[in-house]
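> Protein sequence lines, in the order shown, are assigned to chains C and P. Counting the first sequence from 1 gives a position; this note's numbering is that position plus 191. Counting the second sequence from 1 gives a position; this note's numbering is that position plus 1. Sharing a structure with you now.
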Amino acid sequence: MSDTKQTEDAPKKDHGVLYIGMDLGTSRTSVSASNGVRETVYSMVGYPKDVVSMKLLKKEVLFGKEALEKRLSLKLYKPLEKGVLKYTGDAAKDAEAKANLKAAQDLIGEAIRLAKPRKDELVYCVIGAPAEASVKNREAIIEAARAHVDSVMLCSEPFSVAYGLDWLEDVLVVDIGAGTTDLCRMHGTMPEETDQVMYDIAGDAIDEELSRRITETCPGAQFTIHMVKDIKERYGFVGDAPERCMVDLPVDGKPTAFDLTDQIRAACSILIDPIVKGIHKLIASFDPQFQTKLKNRVLLAGGGSMVKGLDSAVEKAMKERLGGGKVIRIEEPIYGGANGALKIAHDMPADFWEQLK
Amino acid sequence: MSGFKETLKDAVRQMSFRTSLDSLKKKGVQQVNVLGIDRIIALIEAAVHRSLKSRLVGVEREAVADATKAEFLRMLRTNEDLQRQKSEIERQKEMVEDEVDQLRREIASQQQALELRLEEGALSMAARYEGENAAIAAKVHEVLKALAAAGSSSITDAEERVMALVMDIVSVERQSADEARRALRDREVDTLQRRIKKLSESLDLTEQRLQSVAAMKSLDGGISSIYREVQGVDFGDVQAGKKKELMAEIFKANLKLQKKQ
Numbered sequence: 192m193s194d195t196k197q198t199e200d201a202p203k204k205d206h207g208v209l210y211i212g213m214d215l216g217t218s219r220t221s222v223s224a225s226n227g228v229r230e231t232v233y234s235m236v237g238y239p240k241d242v243v244s245m246k247l248l249k250k251e252v253l254f255g256k257e258a259l260e261k262r263l264s265l266k267l268y269k270p271l272e273k274g275v276l277k278y279t280g281d282a283a284k285d286a287e288a289k290a291n292l293k294a295a296q297d298l299i300g301e302a303i304r305l306a307k308p309r310k311d312e313l314v315y316c317v318i319g320a321p322a323e324a325s326v327k328n329r330e331a332i333i334e335a336a337r338a339h340v341d342s343v344m345l346c347s348e349p350f351s352v353a354y355g356l357d358w359l360e361d362v363l364v365v366d367i368g369a370g371t372t373d374l375c376r377m378h379g380t381m382p383e384e385t386d387q388v389m390y391d392i393a394g395d396a397i398d399e400e401l402s403r404r405i406t407e408t409c410p411g412a413q414f415t416i417h418m419v420k421d422i423k424e425r426y427g428f429v430g431d432a433p434e435r436c437m438v439d440l441p442v443d444g445k446p447t448a449f450d451l452t453d454q455i456r457a458a459c460s461i462l463i464d465p466i467v468k469g470i471h472k473l474i475a476s477f478d479p480q481f482q483t484k485l486k487n488r489v490l491l492a493g494g495g496s497m498v499k500g501l502d503s504a505v506e507k508a509m510k511e512r513l514g515g516g517k518v519i520r521i522e523e524p525i526y527g528g529a530n531g532a533l534k535i536a537h538d539m540p541a542d543f544w545e546q547l548k
Numbered sequence: 002m003s004g005f006k007e008t009l010k011d012a013v014r015q016m017s018f019r020t021s022l023d024s025l026k027k028k029g030v031q032q033v034n035v036l037g038i039d040r041i042i043a044l045i046e047a048a049v050h051r052s053l054k055s056r057l058v059g060v061e062r063e064a065v066a067d068a069t070k071a072e073f074l075r076m077l078r079t080n081e082d083l084q085r086q087k088s089e090i091e092r093q094k095e096m097v098e099d100e101v102d103q104l105r106r107e108i109a110s111q112q113q114a115l116e117l118r119l120e121e122g123a124l125s126m127a128a129r130y131e132g133e134n135a136a137i138a139a140k141v142h143e144v145l146k147a148l149a150a151a152g153s154s155s156i157t158d159a160e161e162r163v164m165a166l167v168m169d170i171v172s173v174e175r176q177s178a179d180e181a182r183r184a185l186r187d188r189e190v191d192t193l194q195r196r197i198k199k200l201s202e203s204l205d206l207t208e209q210r211l212q213s214v215a216a217m218k219s220l221d222g223g224i225s226s227i228y229r230e231v232q233g234v235d236f237g238d239v240q241a242g243k244k245k246e247l248m249a250e251i252f253k254a255n256l257k258l259q260k261k262q
């Protein structure tokens, strides 16, 4: 389509400005928008395997939970891994990389559609991207989003969480995602490389550990990684068990009740050590005058922070290794990043948006 | 007045959505504040009346209130019309999808028939040739026998001559028969190919219609933002200076990233 035609077809954008904040995560992608919409979708994209499944599903592409439920009829993609796109930048040579890139583009498009933008509004979007994402990776995200919005910016994920809460100084954000746990200290300026630490022990690692423990301790139990993820999201805890975790798993086709309390506690506990290690590293290398303040302002965010008792367990471990500290869990773990990105979009001056159009 | 309240109530219900406590929990929501629908209606009414009271007096206020109600009802009717249009377009889309399926099935069956016909033609031709050859050989044999009976000196010579003669005739026959058959087959293939072409064109057309219907389906206009124009950092914010610096840094990093492309 020529530029002229595009200009003719494009609706006049004089109705208003819609800001969208997006948290593009390995497990979930969440959006918050200035029209009040808040949505989250599992970061999964599925395409019908053949004409028969296409006819059955009546869709060319499915997302999130729907894609997961219909996965037997689909070629299913999880386009993000350890917080970044499964894209090396050489998509022309690698069909799988190309397919993942397309899935990521479709996922970003779907996330923006979920925000229900009007055609006659300017749409400005800020996407929280992992601090470790490569330039190629960031370019791919920008390219995917550009097709759907008027202007787009990327920012560091942990930074957006802190910005959303107006905690800009002397705060340490621990963002526990599915692929990675990112720690970032804020001291009133943009965090640099030395202000950030990343570990790949996060939600997915808990799922793997829990799977391993169930296989070892529940003979004959049949399960998938998706079932394990559901169990973790329902019961995940560390420390004292708030309830017995009784879970039905099929054994030779028959649902059988298993008590998974100990397995879940042990699997979720693998988060504590890397978090405390990261906190220790960032505090020890901080200005000594402000170390105590930083220790008392540790913020837990991301889906992984929903593990019950994690704040107390990290505090306990900090007391042993650092002589104390205070850990606060954010109120909305799923939308913390998206809300922060939305706030950044709101605070960005008009001429900055214009220059990036 | 109560009718208007009911309409307002219906509108609020239509714009709301249902969700379960489990799904809210999964989204990380631990607690919710509950506000009853009657309370929402009362708040809207109170807000409108307070606003009108502070700005207008007497008859003018009543007139504005009536006009607002009338406008609200008109917007509701417009919304209903849009819903009807949307249903109609969705119905059309389903019809077109059925049509596409039908055409696809028809093309597949025509292609199958064509392949079958070609295979049958090849087989029957081979069988016919075999029969004709046998009949010719028999006839030649009879001729030779007749020659022998007549006391010819060299049977071989006679056989060669007769065979040459017969095969000459037969080859001419075959040639003409082949041409006739080929012409017939070509006509059939041509007809089938034209039908396939026509069906393919029809399929293309229907798919285009389907695409345009799918494009029209997006009648859902989206939800309006609360902002009419670009905002920026609030000057009343105690951290405004710091936030502006941070915004500038984010912008610089993005400018560098995006101008590289």
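Just so you know, even glycine gets a beta-carbon here, dropped at the ideal spot from N, CA and C. Remember, it's a predicted structure, so these values are computed and weren't measured experimentally.
Quick one: list the residues of chain P neighbouring Leu298 of chain C, beta-carbon separation under 7 Å, in chain order.
By Cβ distance, chain P contributes nothing, its closest Cβ being about 18 Å from Leu298 of chain C, past 7 Å.
> With 16 other CB atoms within 10 Å as the buried threshold, where does Asp395 of chain C fall?
By the 10 Å Cβ count, Asp395 of chain C comes out buried.
> From the DSSP secondary-structure annotation, give me the bridge partner or partners of Phe449 of chain C.
Bridge partners of Phe449 of chain C: C:Val438.
> Count the other CB atoms within 10 Å of the CB of Leu374 of chain C; is the residue buried (16 or more) or exposed (fewer)?
Flag for Leu374 of chain C reads buried.
> For the segment 531-543 of chain C, list every residue whose C-beta sits within 7 Å of some C-beta in chain P, in sequence order.
Answer in chain order: Ile535, His537, Asp538, Met539, Pro540, Ala541 and Phe543.
> Whose CA, out of P:Met76, P:Met96, P:Gly242 and P:His50, lies closest to the CA of Val65 of chain P?
That would be P:His50, whose Cα lies nearest to the Cα of Val65 of chain P.
> Let me know if Glu120 of chain P comes out buried or exposed under the rule of 16 or more other beta-carbons within 10 Å of its beta-carbon.
Label assigned to Glu120 of chain P: exposed.
> Looking only at C-alpha atoms, which of C:Cys316, C:Lys327, C:Gln413 and C:Phe350 sits nearest to Ala336 of chain C?
For the residues C:Cys316, C:Lys327, C:Gln413 and C:Phe350, the minimum Cα distance to Ala336 of chain C belongs to C:Cys316.
> So which of C:Met381, C:Ser347 and C:Met344 has the shortest CA-CA distance to Asp361 of chain C?
For the residues C:Met381, C:Ser347 and C:Met344, the minimum Cα distance to Asp361 of chain C belongs to C:Met381.
> With 16 other CB atoms within 10 Å as the buried threshold, where does Gln262 of chain P fall?
With a pLDDT of only 44 at Gln262 of chain P, under 50, the local geometry of the prediction cannot be trusted, and the value read off the model is given with reservation. Flag for Gln262 of chain P reads exposed.
> With distances taken between CB atoms, is the gap from Leu490 of chain C to Leu363 of chain C smaller than 8 Å?
Contact flag set, yes.
> Measuring alpha carbon to alpha carbon, tell me which residue in C:Ile422, C:Glu257 and C:Leu298 is nearest Val222 of chain C.
Checking every option, the nearest Cα to that of Val222 of chain C belongs to C:Leu298.
> Could you tell me which uninterrupted beta strand (DSSP E) segments, each at least 3 residues in length, are contained entirely in the segment 319-403 of chain C, listed from first to last along the chain?
Complete beta strand (DSSP E) runs here, min 3: 342-347, 360-367, 372-378 and 387-390.
> Spatial neighbours of Ile392 of chain C within its chain, please: C-beta separation below 7 Å, excluding the five flanking residues on both sides.
Excluding residues within five positions, the ones whose Cβ falls inside 7 Å are Thr372, Ile461, Leu462 and Pro465.
> So is Val208 of chain C in contact with chain P if we call contact Cβ pairs under 8 Å?
Cβ-Cβ to chain P under 8 Å: yes for Val208 of chain C.
> Would you mind working out which of P:Glu189, P:Arg229 and P:Ala12 sits nearest Gly122 of chain P, comparing C-alpha positions?
Among P:Glu189, P:Arg229 and P:Ala12, the Cα nearest to that of Gly122 of chain P is on P:Glu189.
> For Met262 of chain C and Ala302 of chain C, what's the separation of their Cα atoms in angstroms?
Per the sequence shown, residue 262 of chain C should be read as Arg rather than Met. Whole-angstrom Cα-Cα distance: 20 Å.
> Between the segment 77-90 of chain P and the segment 191-208 of chain P, are three or more C-beta pairs nearer than 8 Å?
With the cut-off at 8 Å, the segment 77-90 of chain P and the segment 191-208 of chain P do not touch.
> Sorted by chain position, which residues of the same chain lie with C-beta nearer than 7 Å to Lys472 of chain C's C-beta, five sequence neighbours on each side aside?
Cβ neighbours of Lys472 of chain C beyond the five flanking positions: Val388.
> Which stretch, first to last residue, makes up the beta strand (DSSP E) that contains Thr231 of chain C?
From DSSP, the beta strand (DSSP E) with Thr231 of chain C extends over Arg229 to Tyr233.
> Of the choices P:Glu100, P:Thr20 and P:Glu7, whose alpha-carbon is the least far from that of Arg210 of chain P?
Checking every option, the nearest Cα to that of Arg210 of chain P belongs to P:Glu100.
> Exposed or buried, what is His142 of chain P when buried is set at 16 or more other beta-carbons lying within 10 Å of its beta-carbon?
Result: exposed.
> For Trp544 of chain C versus Ser351 of chain C, is the C-beta spacing smaller than 8 Å?
Their beta carbons are not under 8 Å apart, which means Trp544 of chain C does not touch Ser351 of chain C by this criterion.
> Would you identify the three-state DSSP class for Tyr210 of chain C, choosing helix, strand or coil?
Here Tyr210 of chain C sits in strand by DSSP.
> Look at Ala319 of chain C and Thr217 of chain C and say whether their C-beta atoms are less than 8 Å apart.
Per the sequence shown, the amino acid found at residue 319 of chain C is Gly instead of Ala. Going by C-beta atoms, Gly319 of chain C is not nearer than 8 Å to Thr217 of chain C.
> Jot down the residue ranges of each uninterrupted alpha helix (DSSP H) in the segment 273-313 of chain C, minimum 4 residues, whole runs only, in chain order.
List check, alpha helix (DSSP H) in window: 286-305.
> Name, please, each residue of chain C whose Cβ falls closer than 9 Å to the Cβ of Leu247 of chain P.
In chain order: Phe350, Tyr354, Leu359, Gly379, Thr380, Met381, Ile535 and Asp538.
> Since Leu435 of chain C and Thr452 of chain C should fall inside the 8 Å C-beta cutoff, what is the C-beta to C-beta distance between them, to a whole number of angstroms?
Residue identity check: residue 435 of chain C is Arg in the sequence provided, not Leu. Going by Cβ atoms, the distance from Arg435 of chain C to Thr452 of chain C rounds to 5 Å, so yes, they are a contact pair.
> Strictly under 8 Å for the Cβ-Cβ distance: is Ser213 of chain P near chain C by that measure?
So, not an interface residue.
> On the CB-based measure, 16 or more other CB atoms within 10 Å of its CB, does Lys246 of chain C come out buried or exposed?
Result: exposed.
> Are the CB atoms of Val232 of chain C and Tyr268 of chain C nearer to each other than 8 Å?
Not a contact, by the Cβ cut-off of 8 Å.
> Comparing the C-beta of Met418 of chain C with each C-beta of chain P, is any distance below 8 Å?
No, its Cβ sits nowhere closer than 8 Å to a Cβ of chain P.
> Starting from the C-beta of Met497 of chain C, find all residues in its chain whose C-beta is less than 6 Å away, skip the five residues before and the five after it, and write them out in chain order.
Around Met497 of chain C: Pro524.
> Take Lys94 of chain P and list the residues in its own chain whose beta-carbon comes closer than 6 Å to its own, dropping the five residues that flank it on each side.
So the qualifying residues of the chain are Val214.
> Whose CA, out of C:Val242, C:His417, C:Pro308 and C:Tyr238, lies closest to the CA of Phe254 of chain C?
Closest option to Phe254 of chain C, Cα to Cα, is C:Tyr238.
> So what's Thr220 of chain C in DSSP terms, helix, strand or just coil?
Strand at Thr220 of chain C.
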